[in-house]
Structure formats: structure tokens, C-alpha cells
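Working notes, structure below.
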Amino acid sequence: MGNPNADSMRQSETAGASRTTAAVLAALVAGACWGVSFLAPRALPDVPPATLMFYRFLFFGVSSLLALGIRRGRRPAIDREATRRALELALLGYSAYYALLSLGVQGIGVSFATAIIALLPLTILLAASSRSEWPGLAAPIALIAVGGLLVPLELFGRAYGAFLANDVRLRILGLAATLAALASWTAFAIRNARFLREHPAWRPLDWAGVLGIASMVTGFAIFLAVERGSVVGALARGFGDARLLVWTGFMGVVGAWFTSALWNFASRVLRPAALGMLLVFESVFGLLFGFLYDGRFPSAREGTAAACLIVGAMLGIRRLRAVRPGPRP
């Protein structure tokens, strides 16, 4: 007869492996959908970043309200603590982050902004892991760093002229905004994962809905602060722009609500450092969508950069499984 304890352990290991695989796939799909966020500011260069941000999170918030209403009675109550954390995370990972990213893309270009955001795996890894783990992750860190550096080198090719065409102040502002977006999303990834682990009663889909409502509220606050006296006119122009509504509708429902649920599920299963590694696919898909939009193939540098990001992420995830976690910082 077989050993019941051994059989139970094998079943548990199999279930754990399946759950990990599902979490990795969820993070990859989320990255693919988020990659569109790099393309929208380029497709709508005449739309102010705050307007683009607000309409995206308006759709995110409305879809979240519908989802939470359907699940009323099957989710935890939205108390004061949940409200506070949701508003904080919504600013870090959604409204303020996307306003900064949009400003960055318009100031320094999609390639340069994508390259900077591609450093998220490194910033999250360094913030979420102990120093004792870093030596075992040297190779994936180097690959991701090389991939992130190769893309801006393309500025000295065809994109350099377009980069120089922008006003110097706009370029400086774009660079500062993109770096601020990098820091903002690093903090979001770690704090959101920590919240989901500490509050298992919140299902990933329900917490995505709470974040969606908080993103709509904070997004409108930023929109008011930027537009001030011209809010009504900006809203009227936005609702009359079919292109804006299509882009932000997709980003708000598919690229925010749906992907947030996927990312929340992955955040509950995977370590924050592993999540950071998987974020390279947001940048990879951002580059891919940019190539499709331009109707061209990637250059040698861009193709090499994407390959380094992908290989570095996959190698990093394998190493993280092998490296014994140290104490949390």
C-alpha cells in the first residue's frame, strides 16, 4: 500500500505547481494588456496626459462599480482601512502613475519611456529581496539592465531627430515624470502584494474593483487640479472625441479592471521579486505594439533588447525558486 502522507504531499506539490503556473500566465497576460498603455499617448499626441489618465480610470471605475454591485454580499465590507489603502494604492499604481507615464512618453518618446519602465523588475527585485539573494541573481539582473539600456541607444538612430524636436524643458520634464512613474509603481507592486497576503478575505477580482473606484476618484482629483477652470470644456471635448473614448475604454476595462484582477491573483501566489521579473513583458509588449503601430520590424538593438529582457526574466524566476529567501527588508 502507498504512503498516505507521501501521496498527500505529492498532490499538494502538484496543486502548488499548477497554481504557480496559472499565476505566471496571469502576470504575462496582464503585461500584454498593459503594453497598450505605452502606445496610447503616441496614438493620441494631442490629448493632454491628465485627460488621457482621467478617461481611462473613468472607464475603470464604472466597470468596477458594476462588478462590485453584482458581487455585493459575497465580498468583505469596504471599511475605513480598505478605503485608505485603496486610495493610496490607486495613486501609486494607477492614476498618478499613468499621468506621469503619459507625460513621460510625450516628453521623451515611447522608446525611451519604455526602456526606463523596463527597469521595474530591477527596482522591485532590489526593494523586495534581501541582499543575500542578490549574488545568485546577478545574471538575470545584468540581462535586464542590458535590455533596458539598449532601447534608448536607438535614440541616436532614427528616433534621435524626433527626440531633439521636443523643447528642452519638455524633455527634462518627461524624463523626471518617467523616473517618478518608475518609483511609484515599484512602491505599488510591493504594497499591493503585501495587502493581499495580509487580507486573504479579499478576492483578487473584488480588490481590483475597489482599486478601480479609488482610481476613478483620485484620477478625477488630478484632472481637476490640472484643468482647474476649464474642466467642463475638457470633459465636453473628451466625450466628443471617439478616438479618445475607444482607446481609454479599452485601457480602462481590459487594460485596468481585467488586468488588475489577474495581477492581484499573481500577487497572492508569487513573490514580489518574481512579479517584478515578469513585469518586463509589459515593456516587451509595449515595444511590440509600437512596432506594429509604426508598421516596421525592430532594429537589431531593439530585437536584442527584447531578447535580453525575456531571457533575463525567465532566468530570474528560475533562480528565485532555487535561492532560499532571506529575511524581508
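FYI, in numbering that gives the first Met the number 0 the residues of the sequence shown are 0 to 328. Note that CB positions come from ideal geometry on N, CA and C, so glycine has one too.
{"Asked": "Do Arg-267 and Ala-114 have their C-beta atoms closer together than 9 Å?", "Found": "no"}
{"Asked": "Establish whether the CB of Gly-248 and some CB of chain D are separated by less than 9 Å.", "Found": "The chain labelled as chain D is not found in the depicted structure, where only one protein chain is given."}
{"Asked": "If I'm right that Leu-308 touches Ala-117 with Cβ under 8 Å, what's the distance once you round it to whole angstroms?", "Found": "6 Å"}
{"Asked": "Return the chain-ordered list of same chain residues with a C-beta closer than 8 Å to the C-beta of Pro-38, the five sequence neighbours on each side being excluded.", "Found": "As written in the sequence, residue 38 is Leu, which differs from the Pro given in the question. Correct list, in chain order: Val-109, Gly-285, Phe-288, Gly-289 and Tyr-292."}
{"Asked": "Rounded to whole angstroms, what is the Cα-Cα separation between Ala-255 and Arg-168?", "Found": "31 Å"}
{"Asked": "Going by beta carbon distance, what residues of the same chain come within less than 8 Å of Leu-314, once the five residues before and after it are set aside?", "Found": "Ala-138, Pro-139 and Leu-142"}
{"Asked": "Buried or exposed: where does Arg-317 fall if 16 or more other Cβ atoms within 10 Å of its Cβ makes it buried?", "Found": "exposed"}
{"Asked": "Using 9 Å as the threshold, is the C-beta distance between Gly-251 and Tyr-54 below it?", "Found": "yes"}
{"Asked": "Can you give the Cα-Cα distance for Leu-204 and Val-253, rounded to whole angstroms?", "Found": "13 Å"}
{"Asked": "Of the choices Leu-24, Pro-44 and Arg-84, whose alpha-carbon is the least far from that of Trp-201?", "Found": "Arg-84"}
{"Asked": "Are the beta-carbon atoms of Leu-27 and Phe-222 separated by less than 9 Å?", "Found": "no"}
{"Asked": "Start and end of the alpha helix (DSSP H) containing Arg-270?", "Found": "Note, Arg-270: premise wrong, no alpha helix (DSSP H); not H, not E."}
{"Asked": "In this structure, does DSSP put Ala-191 in helix, strand or coil?", "Found": "Note on identity: in this sequence residue 191 is Asn, with Ala being the wrong assignment. Correct three-state label for Asn-191: helix."}
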